[in-house]
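A.B. asks:
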Amino acid sequence: MGLLKHSDVYWSFIGQCTQCGYCTGACTSLTNNDITLGGIARALLAAERKASTLEELRDNIMADESLVNAVRGCFFCTSCKNTCFAHNDVCDLIYHARVDFLNLGLIPREAYSSVMVDEEWDIFTAYRAIHGIGYADLTRHRAQEGAEAATDCDVAFFPGCSLAAYGPELTREIFETIDGFSEKATMLDSCCGSSLKSAGFFERAEALCDRNAVEIEQSGAKRLVCVCPGCANDMKAALSARGLDIEVVSLSAFLSENGFTPKRPLPETPLVFSKSCQDRDGRYLEETCGALGVDPETPAIFRGCCGAGGAVSAFAPERQAAQADSKLSFVPDGATVVSMCPTCTYTYAYRLMESPRDIQSKHYAELLFENQFDWDLTFAQLGGMWCGEYGAWLAQVFA
Amino acid sequence: MTEQTVAIVGFGTAGVNAAIALRGAGYEGRIVAITRGPAVPYSPILTSYYAGGQKSFEECFPWTAEEIDCLNVDIIEHCEVDSIDVNARCLRTSRGDFAYDKCLIATGSDPVTRGFPQVEGFEPLTLRSMEDAERLKRVAEDPACKRVLVSGASMVALKTLEACVLRGLEVTLVGMMPHVLDMNALPVAAERFERGLSNMGVALKLGTTIASVEVISDAEGFEGRRLEVTFANGDVERFDHISVAHGMRSNLGFIPQGALEIDRALLVDPYMRTSDPHVYAAGDVAQALELISGERSIVGIWKNAAVQGACAGRAIVYELASREIPESFAYVGSISTNTIVVGDLLFISAGTIKLTDARRVEVREDDDMLVAHIYEGSRLVGFNLVCDNTSARGVAYDTGGMLTIRIIGGLAGARP
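Protein chains in written order, with this note's numbering: chain A, -9 to 389; chain B, 11 to 426.
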């Protein structure tokens, strides 16, 4: 083994990359840095070859600005993979590069301290604690005061951290609906670990997902209902790795198969759907259109990352903003942008607050249910957390 | 203990990936690669970009000399293997014999010109090697060369056509089948692709072949001559040059009859082992698992060569150490995937286009894009996508990726 922990991954990647350069044209990060995916692997190995100590390796990598920017500026949207005729696995490459960067001390850990979602406190749990948002009554598979852990649940609901933190009423309404369509439902209010993976804490992310899988198994659930395609992907992988026969279904598919009727009419404004980059095979969007009663062939759709992927905001917040703006440029004024992942909804809402336009940012669940996100309130509360009575505590926890 | 030797015959995509896998798995013995090409291999995929002027010569080499050096391979370049003696575990070459403990055959494939009439004093262009690309480039750059005939309508023929279009040549494509891309495209997709070719000025002569070629002296023609082509349908036209791509053929000529089990190529097991336990095969010479049919076939694409080479390399390390090869090292199989861009025309396909009673086609077409889906029951088993590359680029690639994942997802779901 060389100085890089994952040089085998880079070797394997350059073996499979023709250096045709198509990926570069598909990605703003690669274009801005004039590098291909294979070029990233090649540059890492070249930096390793020229170094005899870890310090030299660090210096060699840091001297290659394109390499650093490309590794840290990746949204994990897989546009490049779609363009690659060999379908080379970009996420695998960048994840491992970030792990190596972390090991070499090239990524300051404090940049990600608020999204270490496997620790007691992260931005979501802190927000929920400060604002009294809890789901002890819905997490039936966990022992509660006066109630034993349920092991006879048939369905588990996985809202994901953004929905559970910023849409508590919506979360409860969805749970009640799922519960009504099942024998006994339970809810997991933890995270799928995507932010850990983005930061380069790959093993911790997998361990977190595995803990979720164990919880689901213990609950007895045979189906896991996910709101977000990213959570669904990660949980599918974790359940499969454990050899568990638990089906992962999208909320939309679950609702449709149970004859659910949307609780509110569709907005009269034009709808523009944001196909999540995590929705790799497009089924989430298709199933959501089905649940909303929209022909999947007719609505306006734009694709690609909202800017929240890959923890890029911790490295280059202006890139996140630019990415969100580039996606919102597909949305005409007066329209509603409908996203599949609550974090995308958050990101677009935040960008529209910073740079107002006559566009609504809605999660598809908001078009199906009564309760809505209140982004004005959420952003005010998120901002206020740092200077109010909890400010000092937060600053210490996330130092 | 004598040092073990792994011999790699052919040092292209599969061979390099085998060497990477061997070293990556900790193999410290000798690796000898015997290749008729250069020590640092080029990518056959990029040759048309070079001929078309999109890539420089240097950009056609996916690996640097320094990277190849890291693999510590004894490379016998520009050397043909005359034969393999599987009993003696030896490769016979003009530069002597090379003994091996394990051998990987990764000799790739060459374009076929079968069916093209013999013409005295004229050698048609082909496109595979850098030498081929160099020749095509020289021809295309020569101002005296204005009209080129491309014979064949496969992916390789279209890559040649792409290079000629990029060079601004007047191109005619002749193919014996009624449509282009008959191995990859449904007629409905091929027709749209053909309309796109016609719109960019490519003349199509489909359903016919070249019957004869006569070299006519012409001082104003390319190299002082013109080629008068008589087609099977009776048409007669003159061209400055002709490129021929009538399919590909695996390079297996050095294997004595009966030495290894061959169907259309070398039949391999999930660890890329041939019928001889010490000989492996990968890439265009290997007939390995194709997932949709469930049968062994040649899926001659770059990615497969790379993955199969790596798979063979890992397996060899275990076998040399007399250890059981982990099941996770097995080749998982592949589906056919193809992408080609000609001018502003993009074609993406994956899976199969073979229609059976159990399969149906659904076509969605608008001004921007045509997508033909091939279903077996509710399972997607193939698709064709044709569009204008500029107007639909992002959507097209996303759709192509999405549908490819659906095909593979359907396969995974169908397995126990």
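For every residue, glycine included, the Cβ atom is placed at its ideal position computed from N, Cα and C.
Since the structure is predicted, the reported quantities are computational estimates derived from the model, not experimental observations.
Would you kindly check if the distance between the Cβ of Val352 (chain B) and the Cβ of Leu207 (chain B) is under 9 Å?
C.D. replies: yes
A.B. asks: Quick check: what's the CA-CA separation for Ala33 (chain A) versus Ala370 (chain A)?
C.D. replies: Rounded to the nearest angstrom, the two C-alpha atoms are 43 Å apart.
A.B. asks: Val321 (chain A) by DSSP, collapsed to three states: which one?
C.D. replies: coil
A.B. asks: Does any C-beta atom of chain E lie closer than 9 Å to the C-beta of Lys265 (chain A)?
C.D. replies: No chain E is part of this structure, whose protein chains are labelled A and B.
A.B. asks: Return helix, strand or coil for Asp107 (chain B), following the three-state DSSP convention.
C.D. replies: strand
A.B. asks: Helix, strand or coil for Thr23 (chain B) per DSSP?
C.D. replies: helix
A.B. asks: Is it right to say Gly131 (chain B) is buried, meaning 16 or more other beta carbons lie within 10 angstroms of its own, or is it exposed?
C.D. replies: exposed
A.B. asks: Quick check on this structure: which residue in B:Gly118, B:Gly20, B:Leu216 has the alpha carbon closest to the alpha carbon of Arg46 (chain B)?
C.D. replies: If we check each option's Cα against that of Arg46 (chain B), B:Gly20 comes out closest.
A.B. asks: Please list, in chain order, all residues of the same chain as Cys70 (chain B) whose beta carbon is under 7 Å from its beta carbon, the five residues on each side excluded.
C.D. replies: Tyr52, Ser53, Leu56, Thr57, Tyr60, Met140
A.B. asks: Contact defined as beta carbons within less than 8 Å: I believe Thr141 (chain A) pairs with Ser209 (chain A). What is the distance between those atoms, to the nearest angstrom?
C.D. replies: 7 Å
A.B. asks: Verify the CB distance criterion: does Ser69 (chain A) have a CB-CB separation below 9 Å to chain B?
C.D. replies: yes
A.B. asks: Quick one: what's got a C-beta closer than 7 Å to Val129 (chain B)'s C-beta in the same chain, skipping five residues either side?
C.D. replies: Val223, Val225
A.B. asks: For Gly162 (chain B), which residues in the same chain have their Cβ closer than 7 Å to its Cβ, ignoring the five residues on either side in sequence?
C.D. replies: Within the same chain, Gly162 (chain B) has close Cβ partners Gly185, Val254, Ala255, His256.
A.B. asks: What does the alpha-carbon distance come out to for the pair Ile252 (chain B) and Asp111 (chain B)?
C.D. replies: Using only the alpha carbons, I get a separation of about 45 Å.
A.B. asks: Given a limit of 8 Å on CB to CB distance, which residues of the region 320 to 350 of chain B reach chain A?
C.D. replies: Ala320, Thr347, Asn348, Thr349
A.B. asks: Does the beta-carbon of Asn243 (chain B) have 16 or more other beta-carbons within 10 angstroms, so that it is buried, or is it exposed?
C.D. replies: Label assigned to Asn243 (chain B): exposed.
A.B. asks: Can you find a C-beta in chain B that's less than 9 Å from the C-beta of Phe75 (chain A)?
C.D. replies: yes
A.B. asks: Distance check for Ala24 (chain B) and Leu356 (chain B), CA to CA, integer angstroms please.
C.D. replies: 27 Å
A.B. asks: For Glu207 (chain A), which residues of its own chain have a beta-carbon under 6 Å away from its beta-carbon, when the five flanking residues on both sides are left out?
C.D. replies: Leu234
A.B. asks: With H, G and I counted as helix, E and B as strand and the rest as coil, what does DSSP make of Phe132 (chain B)?
C.D. replies: Note: Phe132 (chain B) maps to coil in three-state DSSP.
A.B. asks: Taking 9 Å as the CB-CB limit, is Val289 (chain B) close to chain A?
C.D. replies: no
A.B. asks: Would you kindly report the start and end of the unbroken alpha helix (DSSP H) that includes Ala200 (chain B)?
C.D. replies: 197 to 209 is the span of the alpha helix (DSSP H), which, as asked, contains Ala200 (chain B).
A.B. asks: At what residues does the alpha helix (DSSP H) containing Ser185 (chain A) begin and finish?
C.D. replies: Run containing Ser185 (chain A): 184 to 189, per the alpha helix (DSSP H) assignment.
A.B. asks: Apart from the five residues just before and just after Ile220 (chain B), which ones in its own chain have a Cβ nearer than 7 Å to its Cβ?
C.D. replies: Phe126, Pro127, Ser161, Val184, Val239, Phe241
A.B. asks: Distance, Cα to Cα, Ser351 (chain A) vs Gly34 (chain B)?
C.D. replies: One C-alpha to the other measures close to 48 Å.
A.B. asks: Go ahead and pull the three-state DSSP assignment for His256 (chain B).
C.D. replies: Coil at His256 (chain B), not helix or strand.
A.B. asks: Does DSSP put Phe65 (chain A) in a helix, in a strand, or in coil?
C.D. replies: coil
A.B. asks: Residues of the region 18 to 37 of chain B in Cβ contact with chain A at a cutoff of 7 Å, in chain order, please.
C.D. replies: Residues passing the 7 Å Cβ filter: Val26, Asn27, Ile30, Gly34.
A.B. asks: With DSSP as the reference, label Tyr432 (chain B) as helix, strand or coil.
C.D. replies: There is no way to answer for residue 432 (chain B), as the model of chain B reaches only from 11 to 426.
A.B. asks: Check Leu183 (chain B) in the structure and name its three-state DSSP category.
C.D. replies: strand
A.B. asks: Please name the residue, chosen from B:Val198, B:Met165, B:Arg157, B:Pro153, that lies closest to Val371 (chain B) on a Cα-to-Cα basis.
C.D. replies: B:Val198
A.B. asks: Are the Cβ atoms of Gly183 (chain A) and Asp108 (chain A) separated by less than 9 Å?
C.D. replies: yes
A.B. asks: Do we get a CB-CB distance below 9 Å when we pair Asn72 (chain A) with the residues of chain B?
C.D. replies: Cβ-Cβ to chain B under 9 Å: yes for Asn72 (chain A).
A.B. asks: If I follow the unbroken alpha helix (DSSP H) through Met140 (chain B), where does it start and stop?
C.D. replies: 140 to 151
A.B. asks: Tell me, please, which residues DSSP counts as bridged to Ala370 (chain A).
C.D. replies: Here Ala370 (chain A) is not bridged, per DSSP, to any residue.
A.B. asks: Taking Cβ to Cβ, would you say Leu35 (chain A) is nearer than 9 Å to Ile84 (chain A)?
C.D. replies: no
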